[in-house]
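Working notes, structure below.
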Amino acid sequence: MGLVVLGLAVARGGIPVLDGLSFSVPTGSALILRGPNGIGKTTLLRTLAGLQPPLAGTVTGADEDAAYASHADGVKAPLSVTENLAFWAEVYGRNLPQDVFAAFDLEALRDRAAGTLSSGQTRRLGLARLGVIGRSVLFLDEPTNSLDAFSVRLFADWLRDRHLAAGGIAVIATHIDLGIDAPILELSPYVAAPDASGGSDEAFL
Amino acid sequence: MGLVVLGLAVARGGIPVLDGLSFSVPTGSALILRGPNGIGKTTLLRTLAGLQPPLAGTVTGADEDAAYASHADGVKAPLSVTENLAFWAEVYGRNLPQDVFAAFDLEALRDRAAGTLSSGQTRRLGLARLGVIGRSVLFLDEPTNSLDAFSVRLFADWLRDRHLAAGGIAVIATHIDLGIDAPILELSPYVAAPDASGGSDEAFL
Amino acid sequence: MSIWEYANPKKFVETTTPLLPWTFGLAGLCLVGGLIWGFFFTPDDYRQGATVKIIYLHVPSALMAINAWLMMLVASLIWLVRRHHVSALAARAAAPVGVTMTLVALVTGAIWGQPMWGTWWAWDPRLTSFLILFLFYLGYMALWEAIADPDTAADLTSVLCIVGSVFALLSRYAVNFWNQGLHQGASLSLDAEKNVADIFYYPLLACIAGFVLLFLALVLLRTRTEIRVRRIRALELRARRAEART
Amino acid sequence: MKALILRDLRLAIRAGGGFGLGLAFFLIVIVLVPFGVGPEAAVLRRIAPGILWVAALLAALLSLDRIFALDHEDGSLPLLATAPLPLESVALAKAIAHWITTGLPLTLAAPGLGFLLNLSPAAYPWLFGGLALGTPALSLIGTFGAALTVGLRRGGLLLSLLVLPLYVPILIFGAEAARRGGDGLEATVPLVFLGGIALGTLALMPFAAALVLRINLR
Amino acid sequence: MKALILRDLRLAIRAGGGFGLGLAFFLIVIVLVPFGVGPEAAVLRRIAPGILWVAALLAALLSLDRIFALDHEDGSLPLLATAPLPLESVALAKAIAHWITTGLPLTLAAPGLGFLLNLSPAAYPWLFGGLALGTPALSLIGTFGAALTVGLRRGGLLLSLLVLPLYVPILIFGAEAARRGGDGLEATVPLVFLGGIALGTLALMPFAAALVLRINLR
Ligand code: HEM
Ligand SMILES: Nc1ncnc2c1ncn2[C@@H]1O[C@H](COP(=O)(O)OP(=O)(O)OP(=O)(O)O)[C@@H](O)[C@H]1O
Ligand SMILES: Nc1ncnc2c1ncn2[C@@H]1O[C@H](COP(=O)(O)OP(=O)(O)OP(=O)(O)O)[C@@H](O)[C@H]1O
Ligand SMILES: [Mg+2]
Ligand SMILES: [Mg+2]
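Put into structure tokens, the structure is as follows:
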């Protein structure tokens, strides 16, 4: 049945940033969030992932199956690449699939301490986590930051051929073209009015 | 006379990564570094900026006038945008130019604590530092990460019209097209051979 | 019409505006009256001499120092359960008043201790647990100061206040167990036989009433200030947002 | 949860030191005190149980802010919060890992170190028992404090300010038990109290920590 | 350099607490010790100077790892290293900012807190003088230690381990001065030694710290 969002309003720092969002993402497809810096993409994704409560509206179809990937990768520098991934696999109660290293071009880096990776390699490791945890609803915040063109394609391929093809869902905030075939949601029309209700200061105005 | 690099070899973690680099960047122009993730762009820029010693070769024209902008922005979360910039202005012994806010679209954010900015806004603040310190040789490591298209253009405009036009130099590592007119240096041919000399383990081999 | 209506900041400010001068007036009356009565119209104690008169500052402030924390505890619970901003701000407002009361009790106690026990400070259970209370106040206030977002700060300080209360209580018993003290036991309980003599008792009651009222007045005043600070912040934010859009 | 504990232990060891570091700190404090206080054996014996306890407390304290700080900085915390592991278990796992790296080695080593301070022999079992019961409570309370201040710059000092008053009862009972033991008295009562505190914190603190973490992650 | 000191002070204040926190921590340690050691006034008076010094040392210690850690995390450090300010000045500025936020308030407050521990009145001027000379050295040495461990995970405990032995002479002379003063003896000699240490560290530590920073930044 996919992910369904109805009348969602989200706030950051107690101030409404987006308002009146409704959309749905059917299983097996992705949605690209577009909007200028500071419009509220990160805030929206965090709300969808359940990290912060919405001001109004509902999100259905995400609770148990969702995973979130933020600007930061959550990579532990002293651990090796394999150890990093194995940890997440265990937390999610799964086995570490061996094909994930090839899918994210990490074969040669398996035993390197994550702290010695370049920024793009670290990012690839962060994304590989998504291939390990086996969640079907992904909320991705600028996943391709500091990736080169080849790695971007690698990631797009994984997303299309592995994740979406297996009935997964992805909501992706990005400023670049990923090269996957997905509808784009432009967020500009949903910017909350300066006097939108629901902010934490509301009682004081 | 610009920046002149002769026979440069650089190492990271004691292992040579790039070797035999020679290029020059005349005043008033930029150079774009290209290369896949992990090839050694960050290492090269750090060496040029004097943060780490080269294995071999020389860099002339950069010492006193250089500034470096890394993946991280060096932004202090508790300080406001203006305070952050004013600090760098003072460290470099300059006054805070008021037009820098407009050039990096920070007017509306002047008094916001930097910790409450979105990732793109933080990045703009990090770049605005370059407009404050008045250095003529800039080494920029993926400056447009997490910027939207509009901000990328803003930055390219600043670079072209303010920095380069005033006789500045810029060496930029980036994976996307900045839209400025500059030669591109593809780093792939310069990857150090596995048995390249100069590594820190050499004496033991 | 429920009592929670007063938890609306605007309503609260409106309602308390006429009350405030009365509370302050009454507090002043009780305090000045009680203190003058106590200082000039009671005899010196046969053992303690004139030093006994410090009781009129010491006991009320000590009482209020503890009660202020209780009030903060209640306010924190209300905030966590019902999320009324006024409640959180009242807790925040009470902390500096409470810490001042604690300090007054500590200082007057120390001054009293010099003639009575021959020392400014002793590691007596009463005194010590009071010092710990002082630390709890400091931590609570520091946490408020450290967090930028007001709602987060209210949430976190509320949890701290609750957890802190449990441990403050625990410390109290622990300290008792640790050391048998010099300090007076309770002597104000209504049924006890060894109550202080009536002649000291009535002015003391007046002073206690004065301190209660003073506490009330100060907390009201400070809560109103906190509300206005929040309001100014909110208005500024909104203005800035409106400006940013144009 | 096991995965998280193991990861934290591995990180502690990998990052240098691990178990050794807490112990070494403990040792240093024990060594410093005679420098500060003077070397008279009688005075030292007198204050030994207290100093050992204070040192244990400080060793725990110094490592507290790292409990969540690293996970906050590298962005693991939101990822953990959206993982199938409940945050309560995360908090508990963190507390356990902290205890294993600081509390446990201290407990094992304290009797051994006591002789540097001339601790009277009768006090050893009581010191050991007290630490065995008290240090888990220190770690649990500390985890709560760390969760409270996660993401705050200068968390370190603020954290101590918040946590140390909470440590007071544990310190009192623990040191009292060792002191009484050293004087040849019966000291089960304070130990029972300590056990009660340990159980109470075990039952409550993971929930409080998770609550506070959730608020901080918003 | 002024800019850097001011920024660090502003950050300390902005992040909550600033001056107050170090003091509060000091107060807490002073309160904890009697819990550990027991409340007898005679014992406390005896150990008061040592405890005050150990507390000052720990308060300094707890705030050390933040000296460079924050600048390292947010990437300011390489930017500062490429700025026209020499790294030696950076290190000195950091040490000064650290001293203003911890050492200075401690020095001012220590005599006031001494009375909680029954410090004998004759010791006050010596305690004050010792702290005034010793705390800058603590900050300077600490800055060196922080520079040494910048970028290391779990820097906190390792840092204490590295720095504490360096603190020993300061502790010995400082506590000795206060102790002698309390016994009504002349105590200028240890103070002179302290002053010498302070001058020596002032002359050397910024250079050592800058050197180590440069290595760590590579
Ligand atoms: C720094 C020293 C002192 C501190 C921190 C202190 C603290 C307190 C506290 C916390 C209370 C309890 C209020 C309550 O629970 O109702 C109290 C009450 C009292 N104190 Fe002190 N005290 C100190 C010194 C003294 C001294 C030296 C005396 C006189 C010998 C004294 C006499 C009393 C009396 C008579 C009461 C009222 C007892 C009652 O009715 O509960 N205190 N003090
Ligand atoms: N504490 C705060 N107070 C006020 N505004 C805030 C606060 N925190 C964040 N904001 C604002 O909320 C808006 C939404 O931020 P968010 O991070 O969601 O943007 P974004 O769309 O992800 O931007 P980017 O593309 O730059 O990552 C931003 O304009 C930001 O400045
Ligand atoms: N300690 C180390 N040991 C071995 N190799 C290392 C170490 N540190 C870095 N490397 C390797 O050095 C190479 C150069 O890294 P660098 O960060 O310069 O790459 P980059 O071109 O900037 O990549 P990106 O585009 O991902 O930022 C990478 O392949 C990295 O894995
Ligand atoms: Mg974002
Ligand atoms: Mg790079």
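Protein chains in written order, with our numbering: chain A, 8 to 212; chain B, 8 to 212; chain C, 5 to 250; chain D, 35 to 252; chain E, 35 to 252. C-beta: ideal position from N, C-alpha, C; glycine also.
Is the Cβ of residue i closer than 8 Å to any Cβ of chain D?
i, result
"residue 143 of chain C", "yes"
"residue 219 of chain E", "no"
"residue 60 of chain E", "no"
"residue 103 of chain C", "no"
"residue 58 of chain A", "yes"
"residue 83 of chain C", "no"
"residue 97 of chain E", "yes"
"residue 175 of chain C", "yes"
At what residues does the alpha helix (DSSP H) containing residue i begin and finish?
i, result
"residue 14 of chain A", "No alpha helix (DSSP H) holds residue 14 of chain A; the beta strand (DSSP E) holding it covers 10 to 19."
"residue 119 of chain D", "Segment: none, residue 119 of chain D is in no alpha helix (DSSP H) and carries neither H nor E."
"residue 230 of chain D", "222 to 251"
"residue 167 of chain A", "Taken as a continuous stretch (DSSP letters only), residue 167 of chain A belongs to no alpha helix (DSSP H), as it is neither H nor E."
"residue 95 of chain D", "75 to 98"
Along chain D, which residues have their Cβ under 7 Å away from the Cβ of residue i?
i, result
"residue 99 of chain A", "117 and 118"
Tell me where the beta strand (DSSP E) around residue i begins and ends.
i, result
"residue 191 of chain A", "191 to 193"
"residue 119 of chain A", "From DSSP, residue 119 of chain A is part of no beta strand (DSSP E); its letter is neither H nor E."
"residue 136 of chain C", "No beta strand (DSSP E) contains residue 136 of chain C, which is instead part of the alpha helix (DSSP H) from 129 to 150."
By the criterion of Cβ-Cβ separation under 9 Å, what are the contact partners of residue i in chain D?
i, result
"residue 156 of chain C", "249, 250 and 252"
"residue 116 of chain C", "The premise fails here: residue 116 of chain C is roughly 25 Å from chain D at the closest Cβ pair, so nothing lies under 9 Å."
Would you grab the beta carbon distance between residue i and residue j for me? Rounded to a whole angstrom, and I think it's under 8 Å.
i, j, result
"residue 70 of chain D", "residue 205 of chain E", "6 Å"
"residue 165 of chain A", "residue 136 of chain A", "Not really, about 12 Å apart at Cβ, beyond 8 Å."
"residue 90 of chain E", "residue 140 of chain E", "5 Å"
"residue 175 of chain C", "residue 151 of chain C", "Wrong, their Cβ atoms sit about 25 Å apart, outside the cutoff."
Taking 8 Å as the CB-CB limit, is residue i close to chain A?
i, result
"residue 153 of chain C", "yes"
"residue 43 of chain B", "yes"
Which residues in chain A have a C-beta closer than 8 Å to the C-beta of residue i? List them in chain order.
i, result
"residue 156 of chain B", "182"
Give the DSSP bridge partners of residue i, in chain order.
i, result
"residue 32 of chain B", "B:10"
"residue 148 of chain A", "A:180"
"residue 75 of chain A", "A:146"
"residue 198 of chain B", "B:25"
"residue 39 of chain A", "A:179 and A:191"
"residue 87 of chain B", "B:120"
"residue 66 of chain B", "B:12"
Quick one: does residue i have its CB under 8 Å from some CB of chain B?
i, result
"residue 170 of chain A", "no"
"residue 112 of chain E", "yes"
"residue 150 of chain A", "no"
"residue 9 of chain C", "no"
Along chain B, in chain order, which residues have C-beta atoms closer than 9 Å to that of residue i?
i, result
"residue 149 of chain C", "The premise fails here: residue 149 of chain C is roughly 12 Å from chain B at the closest Cβ pair, so nothing lies under 9 Å."
Just checking: is the beta-carbon of residue i within a distance shorter than 8 Å of some beta-carbon in chain E?
i, result
"residue 105 of chain B", "no"
"residue 67 of chain D", "yes"
"residue 64 of chain D", "no"
"residue 135 of chain C", "yes"
"residue 162 of chain B", "no"
Can you find a C-beta in chain C that's less than 8 Å from the C-beta of residue i?
i, result
"residue 245 of chain D", "yes"
"residue 55 of chain E", "yes"
"residue 115 of chain B", "yes"
"residue 135 of chain A", "no"
Name the chain E residues that come within less than 8 Å of residue i, Cβ to Cβ?
i, result
"residue 75 of chain B", "112, 113 and 116"
Going along chain C, which residues have a C-beta under 8 Å from residue i?
i, result
"residue 120 of chain B", "152"
Mind listing the chain E neighbours of residue i? Cutoff is C-beta to C-beta under 7 Å, in chain order.
i, result
"residue 80 of chain D", "77"
Listing by chain order, which chain D residues have their CB less than 8 Å from the CB of residue i?
i, result
"residue 213 of chain E", "72"
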